[in-house]
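Here the structure is laid out as structure tokens; the discussion comes afterwards.
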Amino acid sequence: MTELLARTVSVAKQGNILVATVDNPPVNALSHSVRSGLIAAVKALESDAEAHAMVIVCDGRTFIAGADIHEFKKPMVAPLLGEVIDTLDAATKPIVAAIHGTALGGGLEVALACSYRIALEGSKVGLPEVKLGILPGSGGTVRLPRLAGVEQALAMISEGGQISARDAQEKGIVDEVVSGDLKEAAIAFTGKVIADGARLRRTSDLPVPAFDAAVLEMSRAALAKKYKGFKAPLVAVDLIKMVTETPVAEAIALEYKTCKELLVSPQSKALRHIFAAEREALKIDGVDAGVKPRDVKKVAIVGPGTMGRGIASCFLNIGIPVTLIGLTDEGLASAVRAIGKIYEGSVKRGSLSSEEMERRMALLTPTTSYDGIADVDLVIEAVTEDMAVKKDVFAKLDAVLRNDAIVATNTSFLDIEELAGSSRNPARVAGMHFFNPANVMKLLENVRAASTAADVLATTTALGKRLGKVPVMVGRSEGFVANRMLSKRTREAQFLLEDGATPLQVDRVLTAFGFPIGPFALADLAGMDIMAAARAARVARMSLREQQCNIVDRLVAAGRLGQKSGAGYYVYDENRKASHDPAVDELLEAHRKERGFTARTISDEEILERCLFAMVNEAAKILDEGAAARPSDIDVIWTNGFGFPTYLGGPMFYADQVGLPKVKAALDKYAGLVGDQYFKPAALIERLVAEGKGFYG
Ligand code: T1G
């Protein structure tokens with residue numbers, strides 16, 4: 003007989019075992035109802051003389067995936083999670099946690115407070131709180147080290163990674179890994195526990211295993227480098243150190259206090275904003291959530307160049323066969339070699355087995371013909387950025403494809419409407435704009451034309467997730483969202499050189515802000531010839547000052563192609579270490595002289611504001627045009643596309659933290675200094691400031 007203890011928790015008896023089942027879709031988060039239900043379940047166990055033990059199992063896709071993050075914005079309602087954990091810990095009969103899916107955060111903490119843990123093959127466990135800018139707050143930092151050791155616990159807590167059930171068993175976190183029916187296996191396991199005397203195993207009673215304190219300091223240095231700018235990973239080191247030196251009850255109180263303090267920190271608010279924004283971006287504006295994506299089982303990619311081969315490898319990675327179409331056998335052979343090289347690197351690093359590499363390569367069919375693609379579900383063209391060439395590809399595809407096959411363009415700035423209009427079936431045309439290198443970059447700008455069918459939009463979004471990308475739907479706009487905003491930052495970086503700043507100063511200001519690399523070091527990495535070609539493609543549509551700001555061309559003319567030639571904005575030693583080059587100062591001075599500029603001292607604040615607020619201003623125009631549906635989509639694009647620090651929440655979230663009135667005042671200032679055409683505040687910013695609002699209300 004099943005008894006409902008709370009809306010989301012029920013108990014049933016199997017012989018002398020109580021089975022508590024949590025059912026709180028979508029991820030069994032520890033909402034108030036679950037917290038109350040679990041406490042009631044333990045009380046039911048304690049009061050039932052015939053029940054000798056209890057299993058906690060979850061319905062749906064996963065064991066408890068953590069505290070309910072939607073409750074963070076509201077005052078917490080008792081019972082708090084700490085009370086649940088204390089109740090589990092104080093139970094006088096053994097409780098077994100039966101894990102499947104991903105037992106994360108508070109979910110793993112619930113399991114750690116049980117006497118035993120079993121896990122379904124393929125399930126994972128982790129304490130990912132640090133990714134939300136917080137840390138475990140319900141005993142995770144106290145119990146995990148006692149089971150898995152300090153070093154392992156620190157690695158899991160400071161980086162927030164997930165480990166497999168097998169790994170967890172090896173590390174002493176999980177007692178048994180089972181297959182088949184989890185509930186049955188859990189009941190069988192619990193029966194054995196009872197038969198062996200129903201021994202309690204209170205994790206908090208275990209001693210902290212001996213560890214080398216030097217490990218903590220080494221971790222701190224490594225974490226500070228790897229997570230530059232993030233606070234929580236470093237606090238994790240302090241917390242773990244404290245936990246190993248403090249009695250349990252005190253340690254738990256300190257842990258909870260630390261978690262609460264981090265929860266109200268600006269970094270946690272920003273990280274939780276990005277977490278929610280990435281999920282919000284999956285909801286396509288104007289497309290009902292019920293619209294079913296088309297099935298994509300086989301694809302073709304036209305264009306075996308840098309982008310085409312990178313995109314091909316993304317599909318091979320998830321087991322989707324790829325027909326790669328190219329003009330010449332040599333071009334195709336070079337692409338196949340390049341894809342093989344990507345996998346050989348992974349095999350060498352041990353992150354891919356050679357069998358899996360063979361499996362993936364066997365799915366790749368290079369060909370110069372369009373004949374063999376009549377049965378593909380989707381084609382992505384990644385040919386040269388030339389409208390005529392792309393239209394020719396579209397015509398060839400129209401001649402051979404099924405009518406319901408999707409045709410996606412990887413163009414980074416050509417007009418999606420013109421391309422769709424050239425197709426026999428415009429409804430099937432969309433954009434899937436990958437970023438170079440496509441097999442590495444998470445961001446995927448899915449582009450919608452007015453004609454694109456709703457289920458095609460749903461398909462490109464679902465496919466983006468399947469490919470392990472962060473998909474964001476954008477609309478018609480030159481450069482869509484990411485590159486359109488980046489071009490404004492690039493413009494200001496170049497103008498700042500004309501006004502007297504140095505490449506080093508601009509790069510230093512932007513990397514100090516949190517970008518992983520500055521615009522000039524990035525240009526040297528990409529190659530000045532590439533930058534010059536990209537500029538040439540757009541120069542006709544630039545303002546006069548931008549057209550005349552041809553520093554890139556001057557560097558190319560001087561043979562300074564960047565890292566590949568040993569010198570660009572910087573000069574590079576044999577280890578590619580960059581340093582200042584007085585020759586660049588001379589080149590810039592010559593440019594200023596020719597263009598009539600006199601170098602002036604430029605403050606770091608001016609550099610940061612001109613680069614950032616030029617982007618924010620352009621984003622406001624993008625929102626007004628409808629080329630992006632939400633400011634949060636723009637934050638997702640910039641944190642996943644160009645390394646805008648996630649702990650600052652993205653350009654729109656950041657602008658709201660600065661305050662739009664301050665942003666507008668800066669725009670007005672630079673409109674006077676640099677020119678109205680560059681910094682006149684966008685209408686949306688004017689409106690929001692007049693209404694006393696920010697981008698987020
Ligand atoms: N609370 C509430 N809702 C959540 C949630 C959570 N913890 N995690 C996910 N969701 C929702 C999500 O918003 C989405 O909703 C749906 O579930 C599917 O998520 C005290 C304080 C579990 C690996 O950080 O990592 O415990 O948009 O699209 O790709 O120490 O979600 O469909 O309406 O991501 O299959 C710690 C965060 C919390 C886990 C599943 N836990 N979640 O990934 O699906 S803090 C976490 C995830 C804590 C304690 C501390 C992933 C996932 P909707 P999804 P997925």
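Residue numbers for the sequence shown follow the numbering used here, beginning at 3 and rising by one.
A virtual CB, placed ideally from N, CA and C, is assigned to each residue, including glycine.
- Judged by the Cβ position, Asp457 fails to qualify as a neighbour of ligand 1 at the 7 angstroms threshold, every heavy atom of the ligand being at least this far.
- If one requires a minimum length of 4 residues, the alpha helix (DSSP H) runs lying completely within the segment 56-105 are 83-91, in chain order.
- For Glu131, there is no enclosing alpha helix (DSSP H), as DSSP marks it with neither H nor E.
- In the structure shown, the three-state DSSP call for Leu225 is helix.
- Ala684 is a Cβ neighbour of Asp626, given a cutoff of 8 angstroms.
- Of all C-beta pairs linking the segment 275-295 to the segment 457-470, three or more are shorter than 8 angstroms, placing the two stretches in contact.
- For Cys613, the CB stays at least 7 angstroms from every heavy atom of ligand 1.
- Bounds of the alpha helix (DSSP H) holding Arg510 are Pro505 to Phe515.
- Remark: the C-beta of His593 is outside contact range of ligand 1, defined as less than 7 angstroms to any heavy atom.
- Exclusion of the five residues before and after Arg204 leaves Asp91 and Ser117 as the residues of its chain whose Cβ lies within less than 8 angstroms of its Cβ.
- Between the C-alpha atoms of Gln269 and Ile639 there is a straight-line separation of about 18 angstroms.
- Distance from the Cα of Met487 is smallest, within the candidate group Ile276, Met617 and Glu387, for Met617.
- Burial check for Val245: the Cβ neighbour count within 10 Å reaches 16 or more, so the residue is buried.
- About 17 angstroms separates the beta carbon of Leu264 from that of Ala226, a gap too long to meet the 8 angstroms contact definition.
- Under DSSP, Arg119 forms a beta bridge with Ala99.
- Straight across, the Cα-Cα distance linking Ala14 with Val250 is about 33 angstroms.
- When the five nearest sequence neighbours on each side are left out, the beta carbons in the same chain lying within less than 6 angstroms of the beta carbon of Val21 are those of Ala14 and Val57, in order along the chain.
- Counting the other Cβ atoms within 10 Å of the Cβ of Ala335 gives fewer than 16, which makes it exposed.
- Collapsing the DSSP output to three states places Glu383 in a strand.
- Here DSSP, grouped into helix, strand and coil, assigns Leu329 to coil.
- Here the distance from the Cβ of Gly466 to the nearest heavy atom of ligand 1 is not below 7 angstroms.
- For His275, the shortest separation between its Cβ and any heavy atom of ligand 1 does not lie below 7 angstroms.
- In the structure shown, Glu576 adopts coil according to DSSP, grouped into three states.
- Taking C-alpha positions only, Lys185 is separated from Ala364 by approximately 39 angstroms.
- Note that the segment 599-612 touches the segment 499-516; at least 3 beta-carbon pairs, one per stretch, sit closer than 8 angstroms.
- The segment 473-480 and the segment 438-449 touch, with no fewer than 3 CB-CB distances between them shorter than 8 angstroms.
- By the Cβ criterion, the segment 381-398 is not in contact with the segment 348-364, since fewer than three pairs of Cβ atoms, one from each stretch, lie closer than 8 angstroms.
- For ligand 1, no non-hydrogen atom lies closer than 7 angstroms to the CB of Ala631.
- Counting along the chain, the unbroken alpha helix (DSSP H) around Gly193 starts and ends at Leu184 to Ala197.
- Separation of Asn619 and Arg543 (C-alpha to C-alpha, rounded to the nearest whole angstrom) is 19 angstroms.
- Note that the segment 340-349 does not touch the segment 369-380; fewer than 3 beta-carbon pairs, one per stretch, sit closer than 8 angstroms.
- Counting C-beta atoms within 10 angstroms of its own C-beta, Thr143 has 16 or more neighbours from the protein chains shown and is therefore classed as buried.
- When secondary structure is reduced to three states using DSSP, Pro653 falls in the helix class.
- For Leu614, the enclosing alpha helix (DSSP H) stretches over residues Asp606 to Glu627.
- Closest by C-alpha distance to Ile136, out of Ala523, Pro521, Val237 and Glu494, is Val237.
- Residue range His34 to Ser49 is occupied by the alpha helix (DSSP H) that includes His34.
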